[in-house]
Structures are given as structure tokens and as C-alpha cells.
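Asks:
Chains as they are written, first to last, in my numbering: chain B, 4 to 434; chain P, 454 to 704.
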């Protein structure tokens, strides 16, 4: 078993690391080894068998990317500061950071662990505390770097921060970045996280972990765009912790990867907080896009919205596994979870399971799922105006997606995503 | 322009059109009237190519082409326009993008250049004025959340933009109050020209006070049982459909 996991568990911690870091990594390594490769009999893996991921050999990959290879991966017109990670490692030569305001720290996790470990010690692994989660444990054991954003109370990022993660290499590489986003009381930021692959035909793997801690009244707008190359494996696990009256707006766009699994675990720790999770995924031939949401209303008076929309074509598959948990004393919880799917093919498959688990009596909670096809009346309306059938179908799909795309924070990103979705649909088989 | 001969069509097992004949020349406005269930909307849908109707007999030629062999988009590109009785809401589909796609698809099919953004906007603002529609309409999703009157005006606005050779107005007056009816009718009348023909499908004579037809046909049980000038509509208004359907049923 540990043979399969060897690449993932990584090399030993560098000499001279603090003892606490050493202990944390060792414990993660032991936990991952004990958990082993999960089988599809386990509930969390009912829909997917990760075994094939561990049958593949990966290189660690060098953190090297030529400037001319980066250029085509950028979003034209996106006005943002930028941090680039290559194969999980911070690549400062590609970054574009202006002068940071007082109370703002944006840095490489590896660098901080080497030079100022106490700055990250309270946050590293503080939220990623699920003992049964294999991939976060592998990330803790084998990951070496990532992005750290620390905002002091009241601090504010003037411009959005783009975190661009690139996997690259002639052979499959494994990247395991860990990002820590910590906003002090009343701090505000917008983070645009993008995952892309430099080579379309190589099966790179990414196993990212994010730990996001929002203090009281902090506010984070977080756009996550997964556009890894078609053959790749993408795993990402997000842990979000929200104190009183904080606001988190997350927007998840899932386009790429052969298998892309995203786990989002959110927990309210103070009343009056709000968490909005929107998502859009597109899954075509040979693809599996897999979302798992776990929203924990542990305290009263919090609001959460979960709306994920999917477009499936060819033999595409997707999973939406969402759970809202309302604790016994979490009165006046307001939660609405829904998952809507547009199936363009009879061969496509969606497994959708939105669940509510309510233990309080004074709550407003709803959940729902729809799985449907393109409305023939809508299609006829467009065709009756002279629009050819294939274009009309694309327009309706983009119309379906617009509810999510329209929420992206700026026009450059909206145009980029609409174009990516449009291009994919244009190439999609009609059946 | 349009020549329909012996047209028969079914919905499921039920025969709705039972040998319908209709000839429309350039610039003519024909009203098609008839009681509920007589086949008025079916005729509009069969001519525009909607799915769900099986043509079992007869022919329809438009501009010298076999209309019934064409896809709906090909009919539109050839110059046929259906103003829907119930315009469909398209959430998330931006109106401007939709209008531009429609206009450019039709222009392209006709071998004309696609309009650039500036010329398109100039054209569209000009047409909006005719229908007393606000610019804000362009930013909205197609028909989404529109009132009944807005939807109908939007249909005629699209007709003004696409400049069809033959427009079929399917119960355009239904659900309109008197002010909206006047605006819509003025829009339609502004589009009358010696080259543009229209089929006005309506249950009531009221619309024909505003859009004056050259010919009136009474459709009953899937056939045209009486044709005449505009005075036929007035007679129907006075005597009701029973006046001729009894004759038609007897014939």
C-alpha cells in the first residue's frame, strides 16, 4: 500500500525544520499510510474509484516555466495582482505584486516555513482536521509549498489577487500545494484562484488544500476556476471557518481534468455569518467532475446558499454530493441547497444527492435537484429567428450557465469563462 | 409568395388541418379568423416548422421553395417570420446577443455581410423607437420577466429588425390591453410595404380595426370555408361564427 503512496508522501522534511512541523508531517504521513487507498465501498467514494490515480507514476516536476509558456495561460484584461505556482511551488519570477498595504502579507509557504515559521504555525493544518481524509493528509505529508495570505484586522486588498497554478512537464507531475488564507477582523479581499495545465495531453495531478479562516466581519470573494488540461487529475479540498458576521462568496467553475474532485467543508463558528457557494461544471467524454459539499451550521443565525449547475454531454459524468448540517442549537438557520443539471446526451450521467440534516426546530432550509434537457420550445423560438440549431443549443446552454458566470467579479473573467464554455460546447458531439 | 394547397396535418392521431388552400401575393395582408380549435395556430406552427405536427398531405411553397422540406431556421432565413402567441422566455440569454445572432444568421444566409457592433446598435435603437421600447430591454434576458404587453411588443420589434418577407402574427392581440394593442398595431402597420406580406391570425375582429386586412378567411375544422374582403370580418363580428360554420358544416 505504501508503495502506491510513496510519491505522494514525499521526501523527508528538510533538516533544520522546527520540531512541530516535523511532528505534523510525520503524523500526516502515518495517517495517510494507515488510511491507504480508498475503495469505492466507502460512502465518500461511492461514485468514484481513485485507484487508477495511484496506479500512475508521477514525477515531482521542476518549478520551471518559460515566460512564453505562461503568456497563453493568462486571462486577457484581468486587472489583478498575480502570484504564480508551478507544479505546486511558488514561482516569484512570474508574479506581479504591487506594493502591499500595511497589514498584508502575501508569500510562499515554503519560504515562510524556512524563515518565519511562527507566522504560519497557528494556521497550518488548523482547519484541515478531518482524520479520515486521505488527500489532505497526503498533501500535509508530501506538499512543500503554497500561497500564504495573511491580512491583519481591518486590512484590505486594493486589487484582486490572482493565484495561478500551472502544472507542466514532459512527464506526468504531481503538485500538492497548500494555501493558507487568513483574514483578520473586518479584513477584505478578493481571490481569483485558477488551475491550468501547460500541456493538454499529459496526465498531471494536483492535490491542493486550502485553509481559509475568516475572523469576525471579514469578507472574502473567492473565484475558483479549475481548467486543468483534459488528461489531468485535479483534487482540491477547501476548509473554511467563519466567525461572526463574516461573509464568504465562493464561485467554483469546473471545466478541466479527466477526474476533478473538489471537496468544500465550511463551518460557522459565530452568528450572523453568511456563506454563498455557487458552482458551474461542464463534463464531457471520459470526464468525471465531482463536487462534495459539507456545510456545517454549528451555530445560530447563519445563512448559507449552495447553487451548483452542471452541463453534461457525450459520456460525461458528474457527482454533486452536498450536505447541510444544522446543529441542535443552530436556530434561525437559513440554508438553501440546489443542484441543476442540463443533460445534452442520453449517455451522460449525473449522481446528485443534496441532503439536509436538521437538528434545530426554528430554521428555514430547502434543497432541490433538477435534471433536464434543452427545452424544445426555447430551441424552436431561436431557430424560428433564423439561428441554426447548433448555435441555438449553445446559446441556451450559455443562458443556463449565465446565472453562475454572471456572478464572476469582472467582465474579463466572465468573457473568458463564457468563451471556454462556448468552445467546449462547439466541439461537443451532438447526440 | 406563399402558396398552400390541400394542406393536411395531424397532432398525434388527431387531424387538425384537413385540406387547406391559401395563396398570398406580395404586399397582401390576410386575416385568418375562426373559432377556438379550428386550426389557426396549427397553421401558423406548421408553416414555421415547429416540431410535433405531422404533415400528411398537400404542399406549401414559399418564394418558390418547398417550405415543408426546410428546417425552421432555413424558413426564417428565407424571410418567414412567426410572431408567437406565447413568446418563450429565455433566461440567461441576453437580448442584444440574441438579436444580433438572429440578424446576422439571416444576413449570412442571404449572402450579406454581418453587421458590426456599431451599425447594429444604430439599427436597433432606431427600431426600438418604433415600438416605444426602452433601451434597458437590450440588457435583459430574452422575454424573461417581461409583461404580456412587453413580450408582444418585443415580437414586433424583432420583426422590424429582421424585415421578413412574410410575417405570421399568431393571436398577437391576445392578452393586450387597448393601449398596448394600439402600439403593437402601429408597429405592424409601419412595416407594411408592397414587398412584405402578412398573415394575421386572430379570434376577434378588434385587431382588424387597427391592422386593416386585404383579405379575410374563415378557418373552420381545418379548412377555409369562406373568404372575402375586410367586410367579412365585420359580418362575423355582428353574427358570430355560427352564421357560417353552420353553413360550412352543412356543406
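Idealized CB from N, CA, C, for every residue including glycine.
The structure presented is a predicted model; accordingly, all values stated were derived computationally and were not measured.
Take every Cβ of the region 98-107 of chain B, pair it with every Cβ of the region 156-164 of chain B, and state whether three or more of those distances are shorter than 8 Å.
Replies: The region 98-107 of chain B is in contact with the region 156-164 of chain B.
Asks: Between residue 217 (chain B) and residue 186 (chain B), how many whole angstroms is the CB-CB distance? I'm expecting something under 8 Å.
Replies: About 5 Å separates the two Cβ atoms, so the contact holds.
Asks: Apart from the five residues just before and just after residue 406 (chain B), which ones in its own chain have a Cβ nearer than 7 Å to its Cβ?
Replies: Taken in chain order, the residues that qualify are 312.
Asks: Let me know the secondary structure DSSP gives residue 165 (chain B) once reduced to three states.
Replies: Three-state DSSP puts residue 165 (chain B) in a strand.
Asks: Let me check understanding here. Comparing Cα to Cα, which of B:7, B:48 and B:102 lies closest to residue 60 (chain B)?
Replies: Answer by Cα proximity: B:7.
Asks: For chain B, check one thing: does any of its Cβ atoms lie closer than 8 Å to the Cβ of residue 703 (chain P)?
Replies: Confidence at residue 703 (chain P) is low in this model, with a pLDDT of 47, below 50, so the placement of that residue should be treated as unreliable; the coordinate-derived value is given next. Output row for residue 703 (chain P): interface = no.
Asks: Based on the DSSP secondary-structure assignment, which residues constitute the bridge partners of residue 486 (chain P)?
Replies: In the DSSP output, where bridge partners are listed per residue, residue 486 (chain P) has P:655 and P:671.
Asks: In the region 396-428 of chain B, which residue ranges form an unbroken beta strand (DSSP E) of at least 3 residues, counting only runs that do not cross its ends?
Replies: Here no run is fully enclosed.
Asks: Tell me which residues of the region 535-548 of chain P have at least one Cβ-Cβ distance to chain B shorter than 9 Å, keeping chain order.
Replies: Against chain B - using a Cβ distance shorter than 9 Å - the residues of the region 535-548 of chain P are 535, 537, 539, 540, 541, 542, 543, 544, 545, 546 and 547.
Asks: What separation, rounded to the nearest whole angstrom, lies between the Cα atoms of residue 354 (chain B) and residue 85 (chain B)?
Replies: So the alpha carbons of these two residues sit roughly 36 Å apart.
Asks: Please check if any C-beta of chain P sits within less than 8 Å of the C-beta of residue 403 (chain B).
Replies: Yes, contact with chain P.
Asks: Where do the ends of the alpha helix (DSSP H) carrying residue 73 (chain B) lie?
Replies: It spans 70-73 - the alpha helix (DSSP H) in which residue 73 (chain B) sits, taken as one unbroken run.
Asks: Could you tell me whether the Cβ of residue 394 (chain B) comes closer than 8 Å to any Cβ of chain P?
Replies: Yes, residue 394 (chain B) lies at the interface with chain P (some Cβ there is under 8 Å from its Cβ).
Asks: In the DSSP assignment, find the unbroken beta strand (DSSP E) run with residue 640 (chain P) in it and report its ends.
Replies: No beta strand (DSSP E) holds residue 640 (chain P); the alpha helix (DSSP H) holding it covers 631-643.
Asks: Could you spell out where the alpha helix (DSSP H) holding residue 384 (chain B) opens and where it closes?
Replies: Residues 379-386.
Asks: Is residue 8 (chain B) close to chain P, meaning its C-beta is less than 8 Å from at least one C-beta of that chain?
Replies: Cβ-Cβ to chain P under 8 Å: no for residue 8 (chain B).
Asks: Would you say the region 272-289 of chain B touches the region 237-257 of chain B, given that touching needs at least three Cβ pairs under 8 Å?
Replies: Contact between the region 272-289 of chain B and the region 237-257 of chain B is present, because at least three Cβ pairs lie under 8 Å.
Asks: Kindly list the residues whose CB is nearer than 6 Å to the CB of residue 381 (chain B), restricted to its own chain and excluding five residues on each side of it in sequence; keep chain order.
Replies: Once the five neighbours on either side are set aside, the close Cβ partners of residue 381 (chain B) are 399.
Asks: Give a yes or no on contact between the region 632-642 of chain P and the region 592-611 of chain P, applying the rule of three or more CB pairs nearer than 8 Å.
Replies: The region 632-642 of chain P vs the region 592-611 of chain P: in contact.
Asks: Any chance you could list the alpha helix (DSSP H) runs of at least 4 consecutive residues sitting entirely within the region 223-271 of chain B, in chain order?
Replies: You should have found no qualifying run.
Asks: So residue 163 (chain B) and residue 83 (chain B) are supposed to be a Cβ contact under 8 Å. How far apart are they, rounded?
Replies: With a Cβ gap of about 4 Å, residue 163 (chain B) and residue 83 (chain B) count as contacting.
Asks: Name the chain P residues that come within less than 8 Å of residue 386 (chain B), Cβ to Cβ?
Replies: Simply 502, 524, 525, 526 and 529.
Asks: Does the structure place the region 217-232 of chain B close enough to the region 253-271 of chain B that three or more beta carbon pairs sit under 8 Å?
Replies: Short answer: they touch.
Asks: Closer than 8 Å is the cut-off here; do at least three beta carbon pairs connect the region 492-503 of chain P with the region 414-428 of chain B?
Replies: Not touching, per the Cβ criterion.
Asks: Quick one, which of P:477, P:482, P:481 and P:537 has its alpha-carbon nearest residue 498 (chain P)'s?
Replies: When each option's Cα is compared against that of residue 498 (chain P), the closest is P:537.
Asks: List the endpoints of the continuous beta strand (DSSP E) containing residue 300 (chain B).
Replies: Taken as a continuous stretch (DSSP letters only), the beta strand (DSSP E) holding residue 300 (chain B) covers 291-300.
Asks: Do you know whose CA, among B:11, B:360, B:315 and B:376, lies nearest residue 141 (chain B)'s CA?
Replies: It is B:11.
Asks: Chain B partners of residue 555 (chain P), CB-CB under 9 Å?
Replies: The answer, in chain order, is 385, 388, 389 and 390.
Asks: Is residue 587 (chain P) helix, strand or coil by DSSP?
Replies: If DSSP states are grouped into helix, strand and coil, residue 587 (chain P) belongs with coil.
Asks: Looking at chain B, is there any beta carbon in it that lies within less than 8 Å of the beta carbon of residue 611 (chain P)?
Replies: For residue 611 (chain P), the answer is yes, since a Cβ of chain B falls inside 8 Å of its Cβ.
Asks: Kindly indicate which three-state DSSP category residue 92 (chain B) falls into: helix, strand or coil?
Replies: In this structure, residue 92 (chain B) counts as strand in the three-state DSSP scheme.
Asks: Straight-line CA distance for residue 670 (chain P) to residue 652 (chain P)?
Replies: Looking at the two C-alpha atoms, the distance is approximately 10 Å.
Asks: Does the beta carbon of residue 376 (chain B) sit closer than 8 Å to a beta carbon anywhere in chain P?
Replies: Residue 376 (chain B) does not count as touching chain P.
Asks: By the criterion of Cβ-Cβ separation under 7 Å, what are the contact partners of residue 381 (chain B) in chain P?
Replies: 541 and 543, listed in chain order.
Asks: At a Cβ threshold of 8 Å, is residue 398 (chain B) touching chain P?
Replies: Closer than 8 Å: yes.
Asks: Tell me, please, whether the CB atom of residue 4 (chain B) is closer than 8 Å to any CB atom in chain P?
Replies: Residue confidence is low: residue 4 (chain B) scores 43 on pLDDT, short of 50, so the model does not pin down where it sits. No coordinate-derived value is stated.
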